[in-house]
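Residue numbers (the UniProt record's numbering): 1 to 212. Backbone N, C-alpha and C fix where the C-beta goes; we use that ideal spot for every residue, glycine too. Everything below concerns the one structure shown next.
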């Protein structure tokens, strides 16, 4: 697989995660997930893709809307808090958000006026990573290590423990598997080890094996 294709696939996964966490998934997105072709290979990524595909096949629109509301909106607050500040400090709108805004400004990125959520929302951070990966920006390593790596496991754990999580259990499984591989990728770069790695939706094991 060409380097450009590898980058596109990584960016696409970040964009997919961003879309899944930003709002209740559209019918088209759920259908896309249900139609995924996944090779049978033993790996965490492959298992995660299979689980997400099956969840998309099983869920209906009404159930998914209810689940998203209970998890991320709720009455006052949902069961899951998708903000970096909360997971890192225990409070919203804290220093992690200020640091993210500072780095986004340095990167020349800013929040669209139509988006109301703070920039430390997991959806926003995944979207930023998609941009940095697609542009092969060397800042992707620092951005991930600074703003995603320290808290994504806490976020995933909260989703897995949420009472109303059904479809999003599989989203969390994929999110965790992918971000762990990204974590390894960027830690290996820090050590000066192998920097090139792969990920392919149709052969999820390939990416995982290159990180070992």
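Residue i to residue j span [Cα, whole Å]
{"i": "residue 15", "j": "residue 38", "result": "19 angstroms"}
{"i": "residue 160", "j": "residue 110", "result": "31 angstroms"}
{"i": "residue 96", "j": "residue 84", "result": "7 angstroms"}
{"i": "residue 147", "j": "residue 60", "result": "34 angstroms"}
{"i": "residue 87", "j": "residue 172", "result": "16 angstroms"}
{"i": "residue 207", "j": "residue 65", "result": "Because residue 207 carries a pLDDT of 47, less than 50, the predicted location of this residue cannot be relied on, and the following value inherits that uncertainty. Cα to Cα, residue 207 sits roughly 32 angstroms from residue 65."}
{"i": "residue 113", "j": "residue 40", "result": "43 angstroms"}
{"i": "residue 20", "j": "residue 75", "result": "20 angstroms"}
{"i": "residue 103", "j": "residue 176", "result": "24 angstroms"}
{"i": "residue 213", "j": "residue 53", "result": "Coverage of the chain is limited to positions 1 through 212, which leaves residue 213 absent and any answer about it impossible."}
{"i": "residue 136", "j": "residue 184", "result": "18 angstroms"}
{"i": "residue 186", "j": "residue 145", "result": "7 angstroms"}
{"i": "residue 68", "j": "residue 90", "result": "22 angstroms"}
{"i": "residue 162", "j": "residue 133", "result": "31 angstroms"}
{"i": "residue 125", "j": "residue 108", "result": "14 angstroms"}
Burial state of residue i, where buried means 16 or more other Cβ atoms lie within 10 Å
{"i": "residue 13", "result": "buried"}
{"i": "residue 18", "result": "buried"}
{"i": "residue 32", "result": "exposed"}
{"i": "residue 122", "result": "buried"}
{"i": "residue 5", "result": "exposed"}
{"i": "residue 63", "result": "exposed"}
{"i": "residue 115", "result": "exposed"}
{"i": "residue 93", "result": "exposed"}
{"i": "residue 11", "result": "buried"}
{"i": "residue 150", "result": "exposed"}
{"i": "residue 260", "result": "Within the shown structure, residues of the chain are numbered from 1 to 212, placing residue 260 beyond reach of any answer."}
{"i": "residue 120", "result": "buried"}
Host alpha helix (DSSP H) of residue i (start-end)
{"i": "residue 38", "result": "Premise fails: residue 38 is in no alpha helix (DSSP H) and is neither H nor E."}
{"i": "residue 4", "result": "3-22"}
{"i": "residue 115", "result": "Per DSSP, residue 115 belongs to no alpha helix (DSSP H) and is neither H nor E."}
{"i": "residue 135", "result": "No alpha helix (DSSP H) contains residue 135, which DSSP labels as neither H nor E."}
Near the ligand GTP: residue i beta-carbon under 7 angstroms from a heavy atom
{"i": "residue 124", "result": "Absence of the ligand GTP from the depicted structure is noted, as is the absence of any ligand whatsoever, leaving it without description."}
**OP:** Taking 8 angstroms as the threshold, find out whether the stretch 70-89 comes into contact with the stretch 148-162 through three or more Cβ pairs.
**Re:** yes
**OP:** Jot down the residue ranges of each uninterrupted alpha helix (DSSP H) in the stretch 48-108, minimum 4 residues, whole runs only, in chain order.
**Re:** 61-68, 84-89 and 95-107
Original post:
On the three-pair Cβ rule with 8 angstroms, is the stretch 125-143 touching the stretch 38-57?
Top reply: no
Original post:
What residue ranges within the stretch 143-169 form continuous alpha helix (DSSP H) runs of no fewer than 4 residues, ordered along the chain?
Top reply: 152-161
Subject >> Touching by the beta-carbon criterion (3+ pairs, under 8 angstroms), the stretch 162-182 and the stretch 44-52 >> reply: yes
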